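Colleague: Position 384 of the sequence shown, counting from 1, maps to 430 under our numbering, and the rest follow consecutively.
Sharing a structure here in structure tokens format.
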Amino acid sequence: MRAALLGFVFGVAILQQQAELFSYNWLSLMMGLSLLGILLLLKFKPMPWLHLPVRFILTALLGFVWASGYAYFYLSEELPRKWENQDVVLTGTIDSLPFRSERGQRFNFAVEQVRVDGAGDLTLLAPWPSRVALSWYGPDWGGDSGGVQKVPSVQPGERWQFRVRLKRPHGNANEFGFDYEAWLLEQGIRATGSVRPDKYAQDAVQYNRKLVNFVWSPGNLIASSRYKLRERIHAALPSQPYAGVLVALVVGDQREISQADWTVFNRVGIGHLISISGLHITMVAGLFAGLVFHFWRHSFFLNLALPLRLPAQKAAALAGALMALVYVALAGFGLPAQRTLIMLSVVAVAVWTGRISSFSAVLSLALGLVVLADPWAVLSPGFWLSFSAVAIIVFATGGDERSKPPEGHTQGLLYTLRLASLMQYAVTIGMIPLTMFLFGQMSLISPLANAVAIPLVSLVVTPLTLIGSVMPAPLSAWLLQISHVLVDFLARFLTYFSALPYAVWTAPIPSFWLFVLAMLGVLWLLAPKAWPLRGLGLICCLPLLLQTAKRPSEGELHVTALDVGQGMALLLETAHHRLLYDSGQGFGLEADSGNRVILPYLHARGINELDVMMISHNDSDHSGGALSILKNLPVELLSSSLSLDSPIVQAAKQHRRCVVGQSWQWDGVHFEVLQPVAASYESTKWKPNARSCVLKVSTKLHSILLAGDIEAIQEDELVNTIPQKLKADVLLAPHHGSGTSSTAPFLKIVQPELAIFQVGYLNRYHHPKPEVFQRYADFGIKRLRTDESGAISIQFGASLKTSQFREENARYWFGR
């Protein structure tokens with residue numbers, strides 16, 4: 047059975063690496079062959095050495111076909127392209143916990159009807175998405191008034207009508223980055239969009255209005271209950287810094303935890319505890335099962351004699367599974383929680399049927415069922431971390447579930463401590479290769495942090511918070527306040543240790559084969575005591591831990607134009623130096639391209655410092671991520687055209703204004719600033735765009751021109767003053783290809799072979815402008831844009847080598 051289940055999971059994982067789905071004919075053929083093979087296998091039973099691989103291959107085909115069918119089903123609900131960025135009116139129900147921020151609120155919406163005035167009911171004409179993700183911002187947010195007009199609060203289960211603009215699922219596509227499109231597909235969300243304020247309507251109709259207070263359904267009832275629990279916690283802990291942590295522990299909503307707190311939790315390796323994690327579900331289910339087991343066994347004192355009707359073990363297993371179901375419902379049946387529920391249910395069924403003879407068999411069955419229910423689970427790091435941790439514990443402890451602790455309280459306590467220590471050691475050592483492979487870093491202080499956090503959070507804070515969220519006032523407030531005090535104490539303890547200089551070990555994310563080598567070494571190290579030379583297993587891990595970041599050769603230049611949406615951010619690398627040109631956009635008070643895209647990319651590459659960060663000018667789509675980078679990464683020099691009292695300038699270790707004539711040499715590569723002139727800083731007539739830092743970088747054979755957001759006037763000045771310095775093989779399109787830049791005289795002088803447009807998908811500025819984009823084509827210039835290509839990498843060596851992330855890492859859900 048293990049080979050069959052692992053084969054099924056392998057087939058599903060292979061499907062998730064495909065650029066295109068196979069046709070129905072091919073899938074039907076594969077299904078027929080696998081079923082025929084299974085029938086022949088059952089009838090003729092080949093030799094034992096052949097039986098397992100054949101079973102693995104046949105079930106792998108089944109897994110591939112199953113995941114393909116799943117993908118076809120969920121991809122069938124597509125937003126028609128003609129209705130992207132068009133106003134439509136949706137009627138439906140609030141389908142998730144709304145998240146409120148300073149800008150407005152975000153929520154999922156279950157669509158019942160789609161219509162357009164004069165076009166009737168569009169749901170009858172095409173398979174429209176049944177579930178969409180919406181943002182509803184105040185109409186005056188970001189306006190000149192400086193105020194924010196609040197929008198009405200929505201609650202789960204309410205039926206609303208909204209006037210919205212939708213677009214197909216699209217996310218930033220960068221190496222080592224979060225795949226937002228795959229996540230939306232797994233969540234069943236097939237379009238995203240925003241609610242259009244009624245003040246923009248062409249008539250006096252109020253489109254955005256609530257129709258019904260509550261629409262009954264099991265899902266809405268659960269979501270509404272979670273909403274009320276969250277509001278109770280906020281009422282008991284108004285403006286408390288860690289109320290969001292308690293919300294995450296009760297209803298699984300992590301969005302209220304600040305980015306600064308997440309940085310601390312991840313650095314000390316306890317991020318898995320700050321939610322309704324598998325560990326918490328298991329702990330709560332285990333505590334409840336233990337209570338039922340105790341009272342069931344002692345029911346003779348009540349003259350019930352319950353064990354004679356049902357064994358205490360079975361009663362406890364059933365109670366634990368039911369408690370897990372309740373807790374997972376509180377999490378809104380989130381996919382990570384569903385995985386834990388399936389695992390615990392498999393264990394409960396094994397206890398009831400008396401077939402818990404092998405932990406590996408139970409683990410394999412749970413693995414297969416999880417992937418059967420959610421084929422995209424194999425794309426989640428949490429999936430591999432959770433199952434790998436359990437597998438490593440079973441491997442290191444021998445997996446003998448029939449062993450019993452010795453008699454006596456002292457001996458039993460010592461046995462429990464030894465077992466807990468062995469499990470912590472096994473998980474700490476065993477997860478090193480996988481953690482480095484997934485994240486490129488590991489916490490060196492996680493054993494100490496988890497030794498304190500696991501018992502405190504799982505055995506004290508979580509039960510107290512759960513009880514406090516359902517108890518009547520004022521008892522509920524007291525319990526929640528006690529929980530908050532304990533979390534506050536834990537956070538202070540962890541903050542101190544996270545600030546230690548060697549709290550985290552970082553290295554570039556390794557290749558797959560380097561990961562396999564390290565994993566074999568770890569298994570060798572954790573093998574039974576009789577295994578020879580176990581310490582040599584550490585040698586297999588050293589290449590993974592000690593590798594260094596890849597660098598260009600002397601005299602070469604590598605440029606990566608990251609996909610940061612509507613913004614600019616390019617990493618320039620020479621043999622021994624690195625420069626970041628612009629830092630992408632800011633999304634809110636804490637979220638920006640710096641912490642969402644750039645820092646994860648740099649850490650995954652093993653890049654832990656920058657020689658220079660150049661911020662071309664003060665627009666938020668160029669400087670939005672700068673503060674996050676300066677706070678989390680050593681930057682030797684900040685070069686910019688920013689005001690000297692800018693918070694970004696104040697946060698820099700060293701700042702220098704970019705001025706025409708500045709130049710330097712790095713590893714055989716020449717850097718020169720071509721704009722702005724020094725006098726422009728004293729003038730008040732120029733907008734920030736006009737003072738954009740223009741940087742030209744040249745190797746012996748090729749060059750790139752980074753033009754920021756300069757406009758036609760600045761282009762004309764450059765053409766008339768330093769035309770000999772403008773020619774470049776690659777041009778970063780000025781101002782994202784706006785209608786005020788990329789003039790014909792400028793393009794004629796630069797003569798680029800390739801132009802890069804860093805733009806957001808269906809951005810509100812409509813960049814690049816069609817006429818400007820066509821102008822580049824008229825000059826015979828190859829055009830690449832990040833909204834279509836994802837991150838774009840260029841190697842300046844003996845020749846220009848260009849790669850596009852979405853092309854080289856194509857997946858069947860991209861652009862769907």
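Cβ atoms here follow ideal geometry from the backbone N, Cα and C, with glycine treated the same way.
Just so we're clear, the structure is a prediction, and the values are computed from it rather than from any experiment.
For E682, name the three-state secondary structure that DSSP assigns.
Modeller: On the sequence shown, residue 682 is found 636 positions in, with the first residue counted as 1. Strand at E682.
Colleague: Per DSSP, which one or two residues make a beta bridge with L136?
Modeller: Stepping through the sequence shown from its first residue, residue 136 is reached at position 90. BP columns for L136 point to V160 and F208.
Colleague: Taking only the alpha-carbon atoms, compute the straight-line gap between F56 and F110 and give it to the nearest angstrom.
Modeller: Your numbering for residue 56 matches position 10 in the sequence shown. Your numbering for residue 110 matches position 64 in the sequence shown. Taking the straight line from one Cα to the other gives about 8 angstroms.
Colleague: If distances are taken between C-alpha atoms only, which option among L75, L108, Q612 and F842 comes closest to L872?
Modeller: There is no way to answer for residue 872, as the model of the chain reaches only from 47 to 862.
Colleague: Taking the straight line between their C-alpha atoms, what separation do you get for N809 and P215?
Modeller: The count along the sequence shown starts at 1 and reaches residue 809 at position 763. The count along the sequence shown starts at 1 and reaches residue 215 at position 169. Straight-line Cα distance between these residues: approximately 14 angstroms.
Colleague: With DSSP run on the structure shown, which of helix, strand or coil describes N855?
Modeller: Stepping through the sequence shown from its first residue, residue 855 is reached at position 809. Three-state DSSP puts N855 in coil, outside helix and strand.
Colleague: Which full runs of the alpha helix (DSSP H) of 4+ residues lie inside the segment 49 to 114, going along the chain?
Modeller: Qualifying alpha helix (DSSP H) stretches, in chain order: 70 to 90.
Colleague: Three-state secondary structure (DSSP) at F341?
Modeller: Position 295 of the sequence shown, counted from the start, is the residue given in the question as residue 341. Residue state, collapsed to three classes: helix.
Colleague: Am I right that K742 and G785 are in contact with their C-beta atoms under 8 angstroms? What's the rounded C-beta distance?
Modeller: If you number the sequence shown from 1, residue 742 lands on position 696. If you number the sequence shown from 1, residue 785 lands on position 739. Not quite, the Cβ-Cβ distance comes to about 24 angstroms (not below 8 angstroms), so this is no contact.
Colleague: Cα separation between V498 and Q804?
Modeller: Along the sequence shown, one-based indexing puts residue 498 at 452. Along the sequence shown, one-based indexing puts residue 804 at 758. Approximately 46 angstroms between the Cα atoms of the pair.
Colleague: Could you work out which residue in W129, A377, A219 and G150 is closest to P175 when comparing CA atoms only?
Modeller: Position 129 of the sequence shown, counted from the start, is the residue given in the question as residue 175. Nearest C-alpha to P175: W129.
Colleague: Run the CB neighbour count on V723, radius 10 Å, all protein chains shown included, and call it buried at 16 or more, exposed below.
Modeller: The residue given as residue 723 occupies position 677 in the sequence shown. V723 comes out exposed.
Colleague: Looking at C-alpha atoms only, which residue of K360, D167, H623 and E221 is the closest neighbour of R651?
Modeller: The residue given as residue 651 occupies position 605 in the sequence shown. Closest option to R651, Cα to Cα, is E221.
Colleague: Using 8 angstroms as the threshold, is the segment 472 to 484 in touch with the segment 571 to 582, meaning 3 or more CB pairs across them?
Modeller: Yes, the segment 472 to 484 touches the segment 571 to 582.
Colleague: For A697 and L673, which I take to be in contact (beta-carbon distance under 8 angstroms), what is that distance rounded to the nearest angstrom?
Modeller: Along the sequence shown, read from residue 1 onward, the residue named residue 697 stands at position 651. Along the sequence shown, read from residue 1 onward, the residue named residue 673 stands at position 627. Sure, about 6 angstroms apart at Cβ, within 8 angstroms.
Colleague: Three-state secondary structure (DSSP) at E718?
Modeller: As a working mapping, residue 718 is identified with position 672 in the sequence shown. Strand, per DSSP.
Colleague: Could you name the residues of the same chain whose beta carbon sits closer than 8 angstroms to that of A472, not counting the 5 residues immediately before and after it, in chain order?
Modeller: Residue mapping note: residue 472 aligns to position 426 of the sequence shown, counting from 1. Excluding positions up to five away in sequence, the list reads I438, I439, F441, A442, T443 and L572.
Colleague: I'd like the list of long-range same chain contacts for C587, defined as Cβ closer than 6 angstroms, with 5 residues on each side in sequence excluded.
Modeller: In the sequence shown, the residue the question calls residue 587 occupies position 541. Counting only Cβ-Cβ distances below 6 angstroms, and skipping sequence neighbours, we find A564 and G567.
Colleague: Can L490 and Y542 be called in contact, C-beta distance under 8 angstroms?
Modeller: Stepping through the sequence shown from its first residue, residue 490 is reached at position 444. Stepping through the sequence shown from its first residue, residue 542 is reached at position 496. No, Cβ-Cβ distance for L490 and Y542 is not below 8 angstroms.
Colleague: Within this structure, are the beta carbons of F155 and D141 separated by less than 8 angstroms?
Modeller: In the sequence shown, residue 155 corresponds to position 109, counting from 1. In the sequence shown, residue 141 corresponds to position 95, counting from 1. Yes.
Colleague: From V658 to P520, what distance separates their C-alpha atoms?
Modeller: The residue given as residue 658 occupies position 612 in the sequence shown. The residue given as residue 520 occupies position 474 in the sequence shown. Straight-line Cα distance between these residues: approximately 55 angstroms.
Colleague: Okay, do the segment 766 to 783 and the segment 791 to 799 touch, 3+ Cβ pairs below 8 angstroms being the bar?
Modeller: A contact exists between the segment 766 to 783 and the segment 791 to 799.
Colleague: Between the Cα of Y116 and the Cα atoms of L96, E232 and R862, which residue gives the shortest distance?
Modeller: Within the sequence shown, numbered from 1, the residue matching residue 116 stands at position 70. Checked all of L96, E232 and R862; the closest Cα to Y116 is E232.
Colleague: Excluding the 5 residues preceding and the 5 following N259 in the sequence, name in chain order all residues of the same chain whose CB lies nearer than 7 angstroms to its CB.
Modeller: Within the sequence shown, the letter at position 213 stands for residue 259. Answer for N259: E204, listed in chain order.
Colleague: Count the other C-beta atoms from every protein chain shown that fall within 10 angstroms of the C-beta of N131, then say buried if there are 16 or more, exposed otherwise.
Modeller: On the sequence shown, position 85 is the one that residue 131 refers to. Exposed: under 16 other Cβ atoms inside 10 Å.
Colleague: Identify whether N266 lies in helix, strand or coil by the three-state DSSP scheme.
Modeller: Numbered from its first residue, the sequence shown carries residue 266 at position 220. Residue state, collapsed to three classes: helix.
Colleague: Leaving out the 5 sequence neighbours to the left and right, which residues in its chain are closer than 8 angstroms to R343 when beta-carbon positions are compared?
Modeller: Position 297 of the sequence shown holds residue 343. Taken in chain order, the residues that qualify are P353 and A358.
Colleague: Ordered along the chain, which non-local residues of its own chain (more than five positions away) have a Cβ less than 7 angstroms from that of S729?
Modeller: Taking the first residue of the sequence shown as 1, we reach residue 729 at position 683. Taken in chain order, the list of residues that qualify is empty.
Colleague: Give every residue of the same chain whose Cβ lies closer than 7 angstroms to the Cβ of G806, excluding the five residues on either side of it in the sequence, and list them in chain order.
Modeller: Counted from its first residue, the sequence shown places residue 806 at position 760. Same-chain partners within the cutoff: G611, Q612 and D833.
Colleague: Per DSSP, which residues does H649 bridge with? Please list them.
Modeller: Against the sequence shown, residue 649 aligns to sequence position 603. Bridge partners of H649: none, in fact.
Colleague: Just mark P518 as buried or exposed, buried being the case when its beta carbon has 16 or more other beta carbons within 10 Å.
Modeller: Taking the first residue of the sequence shown as position 1, residue 518 is located at position 472. Under this definition P518 is an exposed residue.
Colleague: So, for A394: in the same chain, excluding its five sequence neighbours on each side, which residues have a beta-carbon less than 6 angstroms away from its beta-carbon?
Modeller: Here residue 394 refers to the residue found at position 348 when the sequence shown is read from its first residue. Correct list, in chain order: A363 and A367.
Colleague: Note down, in chain order, each residue of its chain lying with its Cβ closer than 8 angstroms to the Cβ of D114, except the 5 sequence neighbours on either side.
Modeller: Position 68 of the sequence shown holds residue 114. Note on residue identity: the sequence assigns Ser, not Asp, to residue 114. Here the set comprises L61, L67, F68 and L73.
Colleague: Hey, V719 and C739: beta-carbon distance below 8 angstroms or not?
Modeller: Translated into the one-based positions of the sequence shown, residue 719 becomes position 673. Translated into the one-based positions of the sequence shown, residue 739 becomes position 693. In this structure, C739 lies closer than 8 angstroms to V719 by Cβ.
Colleague: Taking DSSP's pairing of strands, which residues face K256 in a bridge?
Modeller: Within the sequence shown, numbered from 1, the residue matching residue 256 stands at position 210. K256 is bridged to W206.
Colleague: Should the segment 626 to 637 be called in touch with the segment 588 to 595, which here means at least 3 C-beta pairs below 8 angstroms?
Modeller: No: fewer than three Cβ pairs fall under 8 angstroms.
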